[in-house]
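Undergrad:
2 protein chains.
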Amino acid sequence: MNEIALQYVLGIDIGGTNLVVGAVRTDGRHVVGVHSQPTGASRGPDAVIADIIAMGHTTLRQLQAEVAGAEMLGVGIGSPGPLNTTTGVVILTPNLGWTNMPLRDRIAAGLGLPASLDNDANAAVLGECWVGAGRDKSCVVGLTIGTGIGGGIVLEGRLHHGASDCAAEVGHMTINLNGRRCGCGNDGCLEAYASGPAIAARAVEQLRAGAESTLSTLVDGALDRVTAATIYEAAAAGDELANEVVRDTALYLGVGVANLINIFNPDCVVIAGGVIAAGDHLLVPLRREVARRAFRPAVDACTIVPAELGNHAGVIGAARVFMLTQIAGTA
Amino acid sequence: MNEIALQYVLGIDIGGTNLVVGAVRTDGRHVVGVHSQPTGASRGPDAVIADIIAMGHTTLRQLQAEVAGAEMLGVGIGSPGPLNTTTGVVILTPNLGWTNMPLRDRIAAGLGLPASLDNDANAAVLGECWVGAGRDKSCVVGLTIGTGIGGGIVLEGRLHHGASDCAAEVGHMTINLNGRRCGCGNDGCLEAYASGPAIAARAVEQLRAGAESTLSTLVDGALDRVTAATIYEAAAAGDELANEVVRDTALYLGVGVANLINIFNPDCVVIAGGVIAAGDHLLVPLRREVARRAFRPAVDACTIVPAELGNHAGVIGAARVFMLTQIAGTA
Numbered sequence: 045m046n047e048i049a050l051q052y053v054l055g056i057d058i059g060g061t062n063l064v065v066g067a068v069r070t071d072g073r074h075v076v077g078v079h080s081q082p083t084g085a086s087r088g089p090d091a092v093i094a095d096i097i098a099m100g101h102t103t104l105r106q107l108q109a110e111v112a113g114a115e116m117l118g119v120g121i122g123s124p125g126p127l128n129t130t131t132g133v134v135i136l137t138p139n140l141g142w143t144n145m146p147l148r149d150r151i152a153a154g155l156g157l158p159a160s161l162d163n164d165a166n167a168a169v170l171g172e173c174w175v176g177a178g179r180d181k182s183c184v185v186g187l188t189i190g191t192g193i194g195g196g197i198v199l200e201g202r203l204h205h206g207a208s209d210c211a212a213e214v215g216h217m218t219i220n221l222n223g224r225r226c227g228c229g230n231d232g233c234l235e236a237y238a239s240g241p242a243i244a245a246r247a248v249e250q251l252r253a254g255a256e257s258t259l260s261t262l263v264d265g266a267l268d269r270v271t272a273a274t275i276y277e278a279a280a281a282g283d284e285l286a287n288e289v290v291r292d293t294a295l296y297l298g299v300g301v302a303n304l305i306n307i308f309n310p311d312c313v314v315i316a317g318g319v320i321a322a323g324d325h326l327l328v329p330l331r332r333e334v335a336r337r338a339f340r341p342a343v344d345a346c347t348i349v350p351a352e353l354g355n356h357a358g359v360i361g362a363a364r365v366f367m368l369t370q371i372a373g374t375a
Numbered sequence: 045m046n047e048i049a050l051q052y053v054l055g056i057d058i059g060g061t062n063l064v065v066g067a068v069r070t071d072g073r074h075v076v077g078v079h080s081q082p083t084g085a086s087r088g089p090d091a092v093i094a095d096i097i098a099m100g101h102t103t104l105r106q107l108q109a110e111v112a113g114a115e116m117l118g119v120g121i122g123s124p125g126p127l128n129t130t131t132g133v134v135i136l137t138p139n140l141g142w143t144n145m146p147l148r149d150r151i152a153a154g155l156g157l158p159a160s161l162d163n164d165a166n167a168a169v170l171g172e173c174w175v176g177a178g179r180d181k182s183c184v185v186g187l188t189i190g191t192g193i194g195g196g197i198v199l200e201g202r203l204h205h206g207a208s209d210c211a212a213e214v215g216h217m218t219i220n221l222n223g224r225r226c227g228c229g230n231d232g233c234l235e236a237y238a239s240g241p242a243i244a245a246r247a248v249e250q251l252r253a254g255a256e257s258t259l260s261t262l263v264d265g266a267l268d269r270v271t272a273a274t275i276y277e278a279a280a281a282g283d284e285l286a287n288e289v290v291r292d293t294a295l296y297l298g299v300g301v302a303n304l305i306n307i308f309n310p311d312c313v314v315i316a317g318g319v320i321a322a323g324d325h326l327l328v329p330l331r332r333e334v335a336r337r338a339f340r341p342a343v344d345a346c347t348i349v350p351a352e353l354g355n356h357a358g359v360i361g362a363a364r365v366f367m368l369t370q371i372a373g374t375a
């Protein structure tokens, strides 16, 4: 076993719902001590950061126990933004309620390790490009579909951050200029159609209008309990309304992906998040919509694939950000 | 005068309507022997290529006459695509009727100089980034608005080409998913709303529906002669319908630009083409629409500016492509 095989980076993935921490070997092929817990953002930033640091120590102990002689190089942090990758400060996170939080330095101090900070969706997409669905590709656009729709742009293995670290807000691309109102205040954003809550909202609107569906039964008539997950479940069981909602989701995502393909001419688009549970119910009509809308030579050059790393993507990608930015010579 | 001040690159800008040729000094600050003539594409590719080569020789003679000791390093060609920048072959140009045309090598042979080939809109945007409206910026998206809407993406001074040399087809971004049919076959493309012909078509639709306007008089009642230029002229003279059409154009372009800002977080967006003749009538509402739709930290980081190089942009940018790809050490 050579030296590199004993070097690890701690990856921290901070979400509005869950925190995930793990140790990632610098070849990306071994992940140790991954564990997660609810973020509990309502307790305020100090409690959350204390938890993150405690989770980091837990992973460090597990690593020492499992890999004799393991060396920990530093910490990569993925957080909701906007944030500043240079200063390591989270400027504002509506979901967490943080403002101008020197997150990188607080975690670095708490763990006694150098650290890096990047956007959570950026990190997840970078992880997929490193050792997941986008590996060995040169131009990758990733969409992370959950409560919102985030994204990442990876060119030649490195993230495109833009002028103020807020590139790849692909969920706020207008696809329907007078369309559904988005939480961001704009009309017709992709996120207003295809995020988890938007998927649920479109189904519930049809149920309230009297559409027949097993969805009502699945939530015992409490329509506000319909989630995107309920809809994938019902669709898999053959429910017609649920299938229609999934198909429409595929069309909306297809519009967004077609736009990204026309703009970037990527060799790979990675779709991440709960929505990929719908499998071919989603991907087949999505690819068809893309082929209908995007330029043929760009469509032909691009594979559209589901993410492979599941909820490890953020941890793996955050570790990779640390390697690319803090370890000289990493390529 | 040092040596660099005597080195030039021939720039060739091939358009569906006009050919433009000129010699560009390698600091981008001096352009000699620029001349243009109608493309005359209906005569077939051989006649057009013969004209291009003849125009190149004319410019070379002018350069020798005007700049004693000038050295010509090579030829940069900008052409409609899709094309292959590596092989120098134009795969297909609907406007010109060319298929699998080894354009780069034919022009290189005809002029006895090494040559490079890139997309015409890419070249024009690169020109603006080198010595025009996007100079000294690190992440620039350009839109070239004419018969169609093309674009270019310049990151750290270099074009982003994508996996098959067809990146930056920003005109075929869907902004209205069930909207106007585009020439590309898709519905709701930006180009279907804001290209020159689309601008004219929107005005003519309203005129045919009975709208009052001086536009009818300007074309002696022959509505099929209304062009985007007629509309800018009427708008400048205070015509209400023409102003409404320009304002709507600004909104549509604003949606497209907002999307590009959310995706790239650029420090500059350059708008090129006849439409900028409308000046602040266009730019003020365009910037307002962008501010309404895009993320605040991304909007704040970006200037939206009209192109500065006029119809020299393509020639200057094509020459720059040659420098970046064929002259070692150019940065």
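Chains as they are written, first to last, in the numbering used here: chain G, 45 to 375; chain B, 45 to 375.
We put the beta carbon where it would ideally sit given N, CA and C, even for glycine.
Since the structure is predicted, the reported quantities are computational estimates derived from the model, not experimental observations.
(1) Quick check on DSSP: helix, strand or coil for Thr347(B)?
(2) Beta-carbon within less than 7 Å of Met45(B)'s beta-carbon, same chain only, minus the 5 sequence neighbours each way: which residues are those?
(3) For Val184(G), list the residues DSSP reports as bridge partners.
(4) Is there a Cβ of chain G sitting closer than 7 Å to that of Val313(B), yes or no?
(5) Spatial neighbours of Pro82(G) within its chain, please: CB distance less than 8 Å, with the 5 preceding and 5 following residues excluded, ordered by chain position.
(6) Considering only DSSP beta bridges, list what Ala159(B) is partnered with.
(7) Three-state secondary structure (DSSP) at His205(B)?
(8) Tell whether a beta-carbon distance below 7 Å holds between Gly240(G) and Gly194(G).
(9) Report back the beta-carbon spacing between Thr218(B) and Ile219(G) to the nearest angstrom; my notes put them in contact at under 8 Å.
(10) Using only the alpha-carbon positions, how far apart do Pro341(G) and Leu127(B) sit?
(11) Whose Cβ in chain G lies nearer than 7 Å to the Cβ of Asn306(B)?
(12) State yes or no: is the C-beta of Glu172(B) within less than 7 Å of the C-beta of Ala351(B)?
(13) Helix, strand or coil: how does DSSP classify Ser239(G) here?
(14) Look at Val119(G) and Pro310(G) and say whether their C-beta atoms are less than 7 Å apart.
(15) At a Cβ cut of 9 Å, what residues of the segment 218 to 230 of chain B count as close to chain G, listed as they run along the chain?
(16) Looking at the strands, I want to know which residues DSSP matches up with Met145(B).
(17) My parser needs the beta strand (DSSP E) runs of 3 or more residues fully inside the segment 235 to 298 of chain B; what are they?
(18) From which residue to which residue does the alpha helix (DSSP H) around Arg364(G) run?
(19) Excluding the 5 residues preceding and the 5 following Leu140(B) in the sequence, name in chain order all residues of the same chain whose CB lies nearer than 6 Å to its CB.
(20) What are the residues in the segment 169 to 184 of chain G lying within 9 Å of chain B by C-beta distance?
(21) Return the CA-CA distance between Thr129(G) and Leu199(G), expressed in angstroms with no decimal places.
(22) Taking the beta carbon of Pro124(G) as the centre, do at least 16 other beta carbons fall within 10 Å, making it buried, or is it exposed?
(23) Assign Ile219(B) to one of three DSSP states: helix, strand, or coil.
(24) Starting from the C-beta of Met99(G), find all residues in its chain whose C-beta is less than 6 Å away, skip the five residues before and the five after it, and write them out in chain order.
(25) Could you check the C-alpha separation between Met145(B) and Val134(B) for me, to the nearest Å?
(26) What are the partner residues of Cys233(B), as DSSP defines its beta bridges?
(27) For the pair the segment 217 to 237 of chain B and the segment 270 to 281 of chain B, tell me if three or more CB-CB distances fall below 8 Å.
(28) Which full runs of the alpha helix (DSSP H) of 4+ residues lie inside the segment 73 to 126 of chain B, going along the chain?
(29) Name, going along the chain, the residues of the segment 335 to 352 of chain G whose beta-carbon falls closer than 8 Å to a beta-carbon of chain B.
(30) Between which two residues does the beta strand (DSSP E) harbouring Thr69(G) extend?
(31) Going straight from the alpha carbon of His205(G) to that of Phe308(B), what length do you get?
(32) For Thr374(G), which residues of its own chain have a beta-carbon under 6 Å away from its beta-carbon, when the five flanking residues on both sides are left out?
(33) For the beta strand (DSSP E) that contains Gly55(G), what are its first and last residues?
(34) Under 7 Å between C-beta atoms, does Ala207(B) make it to chain G?
(35) Give the interface partners of Pro310(G) over in chain B, defined as CB-CB distance under 9 Å, in chain order.
(36) What's the call for Asp264(B), buried or exposed, on a 16-neighbour Cβ count within 10 Å?
TA: According to the data block:
(1) strand
(2) In this prediction, Met45(B) scores a pLDDT of 47, lower than 50, which makes its location untrustworthy; the coordinate-derived value is nonetheless stated afterwards. Excluding positions up to five away in sequence, the list is empty.
(3) Val198(G) and Cys312(G)
(4) no
(5) Thr61, Asn62 and Leu63
(6) Val119(B)
(7) coil
(8) no
(9) 6 Å
(10) 10 Å
(11) Glu213, His216 and Met217
(12) yes
(13) coil
(14) no
(15) Thr218, Ile219, Asn220, Leu221, Asn222, Gly223, Cys228, Gly229 and Asn230
(16) Val134(B)
(17) none
(18) Ala357 to Gln370
(19) Ala85
(20) Lys181, Ser182 and Cys183
(21) 18 Å
(22) buried
(23) coil
(24) Val65
(25) 5 Å
(26) Thr218(B)
(27) no
(28) 89 to 110
(29) Arg336, Arg337, Ala338, Phe339, Pro341, Ala342, Asp344, Ala345 and Cys346
(30) Here residue 69(G) turns out to be Arg, not Thr, going by the sequence shown. Its beta strand (DSSP E) spans residues Asn62 to Arg69.
(31) 8 Å
(32) Met367 and Leu368
(33) Gln51 to Ile58
(34) yes
(35) Gly206, Ala207 and Ala211
(36) exposed
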